[in-house]
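In the order they appear, the protein sequences are chains A and B.
Here the numbering used here is used: the first residue of the first sequence is 8, the next is one more, and so on.
Here the numbering used here is used: the first residue of the second sequence is -19, the next is one more, and so on.
Cβ coordinates follow ideal geometry from the N, Cα and C atoms, glycine included.
Notes for the one structure printed next.
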Amino acid sequence: MHVITVCVGSACHLKGSHEIINYFKDAIKDAGLENKVELKGTFCMDQCTDGANLLIDETLFHATSVDDVRAIFQTEILEKI
Amino acid sequence: MSQPLYIESGGASVCKHGEILCGDSLSVAPIGDGKLMVLSDGLGSGVKANILATLTTKIATRLLERGLPLEEVVETLTDTLPECKVRKIAYSTFTLLKVKEDGRVYLAEFDNPPTFYFKRGYVSKLNYRDRTIGSRKIREAHVHAEAGDWLVTVSDGEIHAGIGGLLNLGWDWEKIAKFLETQVYEDVSAQKVAQVLVDQAKQLYEDRPGDDTTVGVLKIRLKRFGAFMIGPPVRRDDDEEVAKRFLSLPGRKIVSGGTTAGILAKVLGKDVTVDLSTMTNKIPPTGKMEGLDLVTEGVHTVNHSLEILRKIKDIDELSGLRDGASLLAREFLVSDCINIFLGQAINPAHLNPNLPQEMGFKSRSVKSIASMLRSMGKEVHLEIH
């Protein structure tokens, strides 16, 4: 089981955490991974200047666009499952 | 110690058919530790009645606010009201209702229908004592009300609703009392009950009211407290002390901002979880934490909440909405007394020139919310840390 945690704090919200969450929701569903990947939100991770921030399990990633998270999803989830 | 009470008020009226001005007047004013409601029905209808009724409620309210005795009020009214040229009398009725936050009720009525007193499911009249001031016979009553009691006062247009039409003798006090018993319940607002009574009378008049009809409602209930914390204190050393003091405040605990929620999580030894299902395009999702009643994101939610408070006319417009800003606005609207802790620590990320300007407006928005809630008659204490 993998856990994706996306920051929904003020700064990350502005940097697109809403779109990022929606992307992950669809991507997990499209890949049929609902039972293997859990999507969660969290408030501020204290990394506001680098956001939008997200964790894949315990590893921190920064994303500035849906393209970034698409790449992260590819390398960190799809290729590892 | 008994829990503090709050006196919620509501009022509604409808003009006599064909009139633009209402010949009744209803005024509600806060007095030191309670509320004062005055209802007056001026002689006749239209402008003249409106002037008489308005003068009566204004004079009575101003004098009673200053603590003058009833004799002075009645004498001042008698000496001040202009005389009707046709009828050669200066006349208007009144009901004065003073309810203190400790539950003490004082009622004085002159020529108005008896006030309805709702207690434990039943409506009754209060025990009156008659008293004559000048040439006027006045009924007075004292009672000690508790949470759950209601006082409803009406002009005679309400009692006469339907007279000679749908109902031979009009709606009648006893029938209104029975109707009221079916309309009053714990969660209904004073304003709603006032509106329902007026609407019902209007229907009985078949939409052509034969008299000005006014209803004033006082709902006596427990005072609702809310405590709202947003933003971490400027001095990090203050975090724990401020958080502990916030948690000791009475009423519901509402927290905005991830860092602020984090401080409280540390003090409470609990985790914050985010409920993604409450997320919308504009508003980040809300969170949950044991010991707190609502957790939201900070600056965007608060800015949106302010917009909502500016826009909506009735709290019912928020029913069914689950986003953080609507839930936050709802908490503000249902509270009678709100303690706000505004922390002004700066989040370095929010200074990024690429971010929209509103990011820096948190303090300003919170202050706007505070002044808006004050203008709604709520007790607001704003503490800046």
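Curious, which full-length beta strand (DSSP E) runs of at least 3 residues does the stretch 156 to 205 of chain B contain? 193 to 202
Which chain A residues sit within Cβ distance under 7 Å of residue 37 (chain B)? Correct list: empty, because the minimum Cβ distance to chain A is about 48 Å.
Would residue 349 (chain B) and residue 299 (chain B) be called neighbours here (beta carbons separated by less than 8 Å)? no
Give a yes or no on whether the minimum CB-CB distance between residue 76 (chain A) and chain B is below 8 Å. no
What are the residues of the stretch 233 to 265 of chain B that lie near chain A, defined by any Cβ-Cβ distance shorter than 7 Å? 238, 239, 241, 242, 252, 254, 256, 259, 261, 264, 265
Under 9 Å, CB to CB, which of the residues in the stretch 38 to 53 of chain A have a partner in chain B? 46, 47, 48, 49, 50, 51, 52, 53
Short of 8 Å in beta carbon distance, which residues of its chain neighbour residue -19 (chain B), apart from the five on each side in sequence? Order them along the chain. With a pLDDT of only 48 at residue -19 (chain B), under 50, the local geometry of the prediction cannot be trusted, and the value read off the model is given with reservation. Correct list: empty, nothing qualifies.
Quick one, which residues of the stretch 269 to 286 of chain B are near chain A if we go by CB-CB under 8 Å, in chain order? 275, 277, 278, 279, 280
Residue-level contact to chain A via CB, residue 415 (chain B), 8 Å cutoff: As displayed, chain B neither begins before -19 nor continues past 365, which places residue 415 (chain B) out of reach and without an answer.
Taking the alpha-carbon positions, what's the residue 30 (chain A) to residue 76 (chain A) distance? 8 Å
Beta-carbon contacts of residue 18 (chain B) that lie in its chain and below 6 Å, excluding the five residues immediately before and after: 7, 37, 40, 41, 76
Mind pulling the alpha helix (DSSP H) runs of 4 or more residues that sit fully within the stretch 283 to 316 of chain B? 304 to 314
Local conformation of residue 29 (chain A) per DSSP, three classes: helix
Determine the direct distance from the alpha carbon of residue 315 (chain B) to that of residue -13 (chain B), and round the result to whole angstroms. Going by the C-alpha atoms only, they are around 13 Å apart.
Identify which residue in A:22, A:28, A:71 has its Cα closest to the Cα of residue 257 (chain B). A:28
Should the stretch 48 to 60 of chain B be regarded as contacting the stretch 164 to 177 of chain B, the criterion being three or more beta carbon pairs within less than 8 Å? no
Can residue 330 (chain B) and residue 214 (chain B) be called in contact, C-beta distance under 8 Å? no
By the DSSP assignment, the beta strand (DSSP E) with residue -8 (chain B) in it spans what residues? For residue -8 (chain B), the enclosing beta strand (DSSP E) begins and ends at -15 to -6.
Have a look at A:37, A:56, A:9 and flag the residue whose alpha-carbon is nearest the alpha-carbon of residue 327 (chain B). A:56
Determine the closest residue to residue 73 (chain B) out of B:231, B:3, B:161, with distance taken between C-alpha atoms. Residue 73 (chain B) has its Cα closest to that of B:3, out of B:231, B:3, B:161.
Straight-line CA distance for residue 5 (chain A) to residue 201 (chain B)? Since the first residue of chain A shown is 8 and the last is 88, residue 5 (chain A) is not available in this structure.
Report yes or no: is there a C-beta of chain A within less than 8 Å of the C-beta of residue 323 (chain B)? no
Measuring straight from C-alpha to C-alpha, what distance separates residue 192 (chain B) and residue 60 (chain B)? Residue 192 (chain B) and residue 60 (chain B) have their alpha carbons spaced roughly 23 Å apart.
Count Cβ pairs between the stretch 203 to 210 of chain B and the stretch 308 to 325 of chain B that sit closer than 8 Å; are there 3 or more? yes
Rounded to a whole number of angstroms, what is the C-alpha to C-alpha distance between residue -10 (chain B) and residue 251 (chain B)? 42 Å
By the criterion of Cβ-Cβ separation under 9 Å, what are the contact partners of residue 72 (chain A) in chain B? Those do not exist, as residue 72 (chain A) stays about 14 Å from chain B at its closest Cβ, beyond 9 Å.
Report yes if the C-beta distance between residue 29 (chain B) and residue 23 (chain B) is below 8 Å; otherwise report no. yes
Residue ranges of each beta strand (DSSP E) within the stretch -14 to 54 of chain B, 3 or longer: 4 to 11, 14 to 21
Excluding the five sequence neighbours on either side, which residues of its own chain have a C-beta within less than 6 Å of the C-beta of residue 354 (chain B), listed in chain order? 360
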